[in-house]
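Worksheet for the structure shown next.
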Amino acid sequence: MPRSIQRDITCTRCGRDYRIFIAYPGEAPPASGYPVIYVLDANSVFGTMAEAVRVQGRRPDKTGVIPAVIVGIGYRTEEPFDPARHRDFTMPVPESELPQSPDGNAWPEQGGAEAFLAFIEEELKPQIEREFKIDRNRQAIFGHSLGGLFVLHTLFNKPGSFRNYIAGSPSIHWNKRILLEAERRFSSGVEREGLDAGLLIGVGELEANHKARMNENAREMSERLAALESKGLRIAFKEFENEGHVSVLPVLISRAVRFALGSDNGGKR
Numbered sequence: 001m002p003r004s005i006q007r008d009i010t011c012t013r014c015g016r017d018y019r020i021f022i023a024y025p026g027e028a029p030p031a032s033g034y035p036v037i038y039v040l041d042a043n044s045v046f047g048t049m050a051e052a053v054r055v056q057g058r059r060p061d062k063t064g065v066i067p068a069v070i071v072g073i074g075y076r077t078e079e080p081f082d083p084a085r086h087r088d089f090t091m092p093v094p095e096s097e098l099p100q101s102p103d104g105n106a107w108p109e110q111g112g113a114e115a116f117l118a119f120i121e122e123e124l125k126p127q128i129e130r131e132f133k134i135d136r137n138r139q140a141i142f143g144h145s146l147g148g149l150f151v152l153h154t155l156f157n158k159p160g161s162f163r164n165y166i167a168g169s170p171s172i173h174w175n176k177r178i179l180l181e182a183e184r185r186f187s188s189g190v191e192r193e194g195l196d197a198g199l200l201i202g203v204g205e206l207e208a209n210h211k212a213r214m215n216e217n218a219r220e221m222s223e224r225l226a227a228l229e230s231k232g233l234r235i236a237f238k239e240f241e242n243e244g245h246v247s248v249l250p251v252l253i254s255r256a257v258r259f260a261l262g263s264d265n266g267g268k269r
């Protein structure tokens, strides 16, 4: 892929291994620096995200999308997904609160979201900022499924980490109790202090048949959070016609880049 880098790094604090994918613009950075989108599950979606930004960013006057750095966080595997995502994207809860495994076997290790977020904030972001001129006020994060759950966890617990949050088909049911508790604390804080941030929640229409009430949970959350729009939280919810849990990814990514980098986020872009 043009103008792209791939490297394996180890988290110094936790000792976990990650494969980092980076795509960067050919244009010189603006005075404020490049916007940046951090992408979870990069082994499966980094290429789609990077190409969407590379193509749409050629004509900002037509697309509204400006060039940006894309940072994908993945794993040392040639497969699209790695079991370690369960560890990194979830909060620690009793096993009794987890969904039942389809095959009856134990789930992979869970509960490492705090350590994963610390890795992003304390190690990965500073490394990216040493290599590229980054606008810290124009950072976004994209995650899908359990990655979408992690995006919501980050917004509710460390809302200043990013300017825009994109949660695709978020697995709210996975850590529902603890996530809704965090949502209530977050909402109370925004009511008091305000927040300049955007959240896009996207799901596939066909996911409405998911036994975990995927679409219903996502829609209800977006409706609750919409009450905070007067306090500076921009909310968008999109159900993509005739798309399922996996097929939704390309159209969600196209919408995500416009939300993060263009006029869809309500900011001055």
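Going by UniProt numbering, the letters in the sequence shown line up with residues 1 to 269, in that order. All residues carry an ideal CB built from backbone N, CA and C; glycine is no exception. From a predicted model like this one, the values you see are computed outputs, not experimental measurements.
Counting the other Cβ atoms within 10 Å of the Cβ of Ile134 gives 16 or more, which makes it buried. Boundaries of the beta strand (DSSP E) around Ala236: 233-240.
When DSSP states are grouped into helix, strand and coil, Arg130 belongs to the helix group. Taking the Cα positions, Arg258 is about 11 Å away from Pro67. The beta-carbon separation of Val203 and Ala226, rounded to 16 Å, does not stay under the 8 Å limit for a contact. Exclusion of the five residues before and after Ala118 leaves Arg13 as the residues of its chain whose Cβ lies within less than 7 Å of its Cβ. For Ala182, same chain residues with a beta-carbon under 6 Å away, outside a window of 5 residues either side, are Phe156, Asn157 in chain order. A buried status is given to Thr63, since no fewer than 16 other beta-carbon atoms sit within 10 Å of its beta-carbon.
Sorting Asp61, Ala260, Leu200, Thr77 by C-alpha distance to the C-alpha of Glu239 places Leu200 at the top. A direct Cα-Cα distance of roughly 21 Å separates Val36 from Leu146.
Spatial neighbours of Phe186 in its own chain (CB-CB distance under 8 Å, excluding positions within 5 residues in sequence) are listed in chain order as Leu155, Phe156, Asn157, Pro159. Only residues of its own chain outside the window of five on either side were considered, and among them Lys133, Ile134, Asp135 have a CB closer than 7 Å to the CB of Gly33, listed in chain order. Look at His144 here: in three-state DSSP terms it is strand. Here Asn209 is actually not in contact with Met91; their C-beta atoms are around 26 Å apart, not less than 8 Å. Distance between Glu114 and Arg3, taken at the CA atoms: about 31 Å. CA-to-CA, the gap between Glu193 and His86 works out to about 33 Å.
For Gln6, the enclosing beta strand (DSSP E) stretches over residues 4-10. Pro60 and Ala260 have their C-alpha atoms roughly 13 Å apart.
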